[in-house]
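First up is the structure itself, then whatever we jot down about it.
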Amino acid sequence: MGAARMGIGAAVLPYTHTDDLFIDGAWVKADGSARTLVTNPATEDVWGSVPHASAADLDRAVSAARRAFAGTGWRDLAPSARAVYLLRLADEVEKRAEAISHTNTWENGSPVAETSRAASNAAAIFRYYASLAPYMETPDIRRFPDGSAETVVRQDPVGVCALIAPWNFPINLVVAKLAPALMAGCTVVIKPASPTPLSLRQIVDAVVAAGIPPGVVNVVTGPGSFGDALVRHPQVDKVAFTGSTPVGRSIAAACGELLRPVTLELGGKSSALVLPDVDLVEMSKVLIRTCMRNTGQTCYISTRILAPRERYGELVDMVTATVQAAALGDPMNPTTVFGPVATATQRESVAGYIRSGIADGARVTTGGDVPSGFDRGFYLTPTVFADVTPGMRIAQEEIFGPVLSILKYTTVDEAVELANNTGFGLGGTVFSADTDAAFALAARMDTGSIGLNFFASNHAAPFAGRNNSGLGVEFGREGLHAYLKPQSVHRAIRN
Ligand code: NAP
Ligand code: MG
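Residue numbers (the numbering used here): 10 to 504.
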């Protein structure tokens with residue numbers, strides 16, 4: 010069991026240590042005996058744990074989803090009827106905003122300024138997908154081009170979906186999959202990332218409170234190898250994954266062999282292309298959110314800044330001063346901008362990139378070390394590198410921590426080429442006082458999403474990584490279609 014409400018200090022943490030998985034509408038004891046420990050990255054204290062599901066647990070969860078897909082009538086409801094559930098779910102999630110925020114912050118160190126928005130953002134995603142009911146219910150009838158007959162294009166839910174999420178936004182990167190899957194009439198088995206298995210339990214509680222039928226949503230916990238078993242399970246019809254590019258490739262390979270549809274949202278190394286007419290004061294106001302959101306642990310942020318030669322010095326000074334001025338500290342403090350990074354492994358990985366930048370001759374303008382005054386917690390000082398050249402690892406690889414790389418360009422053509430030379434293609438930004446020029450430049454950037462003078466994702470618009478950043482689309486109507494399969498019914502023309 011686990012819903013005993015527990016207050017630890019000022020934090021609201023309804024779930025801490027648990028033996029349970031959520032299968033077929035109930036919390037059930039896991040079969041497996043191994044456990045994953047949950048560590049607070051700000052203190053290094055272990056405060057929670059979850060079981061590793063066994064192969065038998067996995068079968069139980071997938072079978073429950075299969076039965077619910079076949080038998081509860083969930084898939085047979087009209088989209089507008091499923092939308093009612095999604096709207097209730099949105100309300101139930103919002104009621105749990107504080108527990109979601111605190112649990113998430115204790116799991117991965119994301120500042121509460123960030124996690125306090127997780128519930129309302131998740132609710133907005135559920136509401137957006139609910140709003141697509143009229144679109145789903147509009148008949149799609151297409152004439153044969155020669156006028157001889159017509160085709161009714163129906164949409165069926167793809168079936169049982171495996172949803173696998175990373176630790177950086179443990180609520181929203183699940184809900185980005187769960188909302189369209191539910192709206193489509195699918196059933197799901199969710200595997201959260203090992204560092205962040207507990208905040209998701211608030212979503213499960215909301216699912217129960219919203220009256221979603223048993224078996225439609227199942228949650229199992231376990232290590233990466235368990236995620237692999239879920240991906241390959243014979244009763245799974247589709248996989249949706251957000252995480253690193255190497256794991257995404259291995260999932261794509263498995264799904265390729267099985268001819269199983271897969272959506273992959275992977276890593277990024279996006280550029281902020283700064284044009285010479287930039288307003289640096291305006292840019293400084295959005296810099297952290299656009300380029301270092303969530304202590305640099307956001308897939309789409311513009312972590313490499315392409316600076317025009319004629320404004321280079323000024324720009325480096327602005328970025329350095331802005332990063333220095335942002336508060337680093339306890340993520341439970343509402344004014345904290347930079348918290349610890351999520352795990353010890355992540356800190357070591359980011360520190361390795363900092364060492365490589367220094368070894369390659371980039372210039373540290375701020376940070377580059379472990380901050381003083383923090384003997385506990387996975388803290389790193391937010392770091393800015395100037396004089397970065399395109400061949401350096403810190404210019405090419407995803408660092409996924411509080412590190413910015415500033416490169417210099419001479420012509421706009423050169424800047425575009427630099428922006429497009431990482432192998433990734435997820436986010437990006439153009440900074441310019443001339444929004445028409447910025448818009449025109451966006452079309453030359455080989456990336457799935459790009460912001461003009463800011464970056465934020467829009468639930469109503471497709472989010473799709475290009476190249477090594479992924480396959481397929483989340484969000485928007487396109488993201489709904491990832492959970493639907495069309496059927497064309499040809500018939501004589503009816504008037
Ligand atoms: P990760 O190591 O790829 O893990 C992601 C998820 O996959 C976790 O639940 C993980 O489980 C599981 N997993 C690990 N190995 C697996 C396997 N062989 N088969 C199936 N599942 C497996 O990524 P992460 O370290 O959690 O997250 C950071 C990465 O996510 C970054 O590269 C970042 O760019 C990317 N990301 C992308 C987006 C996007 O939308 N494009 C958004 C956010 C993050 P365990 O945790 O138990 O190992
Ligand atoms: Mg990982």
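We put the CB at the ideal spot given by N, CA and C, even for glycine. This one's a predicted model, so the numbers in the text were calculated from it and none came from an experiment.
By the neighbour-count criterion, in which a residue is buried when 16 or more other Cβ atoms sit within 10 angstroms of its Cβ, Gly474 is buried. Within the region 135 to 208, the beta strand (DSSP E) runs of at least 3 residues that lie entirely inside it are, in chain order, 150 to 152, 159 to 166, 169 to 173 and 196 to 200.
For Ile502, the three-state secondary structure derived from DSSP is coil. Short of 8 Å from the beta carbon of Arg44, and not among the five residues preceding or following it, lie these beta carbons of its own chain, in chain order: Ser58, Val59, Pro60 and His61.
Pro175 counts as buried, since no fewer than 16 other beta carbons sit within 10 angstroms of its beta carbon. Counting the other Cβ atoms within 10 Å of the Cβ of Ile502 gives fewer than 16, which makes it exposed. DSSP places Ala51 in no beta strand (DSSP E); its state is neither H nor E. When the beta-carbon positions are compared, Lys247 and Pro270 come within less than 8 Å of each other. Annotated as proximal: Glu146 and Ser89, with beta-carbon spacing under 8 Å. Under DSSP, Ile314 forms a beta bridge with Ala281 and Ile415.
Residue nearest to Gln306 within the set Phe409, Gly80 and Val198 is Phe409 (criterion: CA-CA distance). In the three-state scheme derived from DSSP, where H, G and I count as helix and E and B as strand, Leu489 is classed as helix. Taking a cut-off of 8 Å on C-beta distances, the region 76 to 93 does not touch the region 198 to 216, as fewer than three cross pairs fall below it. When the five nearest sequence neighbours on each side are left out, the beta carbons in the same chain lying within less than 7 Å of the beta carbon of Arg69 are those of Ile32, in order along the chain. Across the structure, Leu435 and Ser441 are spaced so that their CA atoms are roughly 20 Å apart. Within the same chain, Val197 and Val216 come within 6 Å of Val226 by CB-CB distance, once the 5 residues on both sides are set aside. About 5 Å separates the beta carbon of Ile260 from that of Val240, a gap short enough to meet the 8 Å contact definition.
Across the set Arg298, Phe484, Leu493 and Asn504, the C-alpha of Phe484 shows the shortest separation from the C-alpha of Ala131. For Asn504, the shortest C-beta to heavy atom distance toward ligand 1 is 7 Å or greater.
Counting along the chain, the unbroken beta strand (DSSP E) around Asn227 starts and ends at Val226 to Val228.
Within the chosen limit of 7 Å, ligand 1 reaches the beta carbon of Lys200 through at least one heavy atom. Contact between the region 77 to 84 and the region 40 to 54 is absent, with fewer than three C-beta pairs closer than 8 Å.
Counting only the Cα atoms, Lys417 lies some 10 Å from Glu423.
Each of Arg318, Val55, Arg151 and Ala65 was checked against the Cα of Val498, and the nearest Cα belongs to Arg151. In this structure, the alpha-carbon of Val71 lies about 40 Å from that of Asn342. Around the beta carbon of Asn303, 16 or more other beta carbons sit within 10 angstroms, so the residue counts as buried.
In the DSSP annotation of this structure, the continuous segment of the alpha helix (DSSP H) that includes Thr444 starts and ends at Thr444 to Ala451.
With fewer than 16 other beta carbons inside 10 angstroms of its own, Arg385 counts as exposed. If you draw a straight line from the Cα of Pro340 to the Cα of Ile212, it is about 22 Å long. Under the criterion of beta carbons closer than 8 Å, Asp149 and Val162 qualify as touching, at roughly 4 Å. In the assembly as shown, Pro255 is an exposed residue. Its beta-carbon has fewer than 16 other beta-carbons within 10 Å. With contacts defined by Cβ atoms closer than 8 Å, Val287 and Arg320 form a contacting pair.
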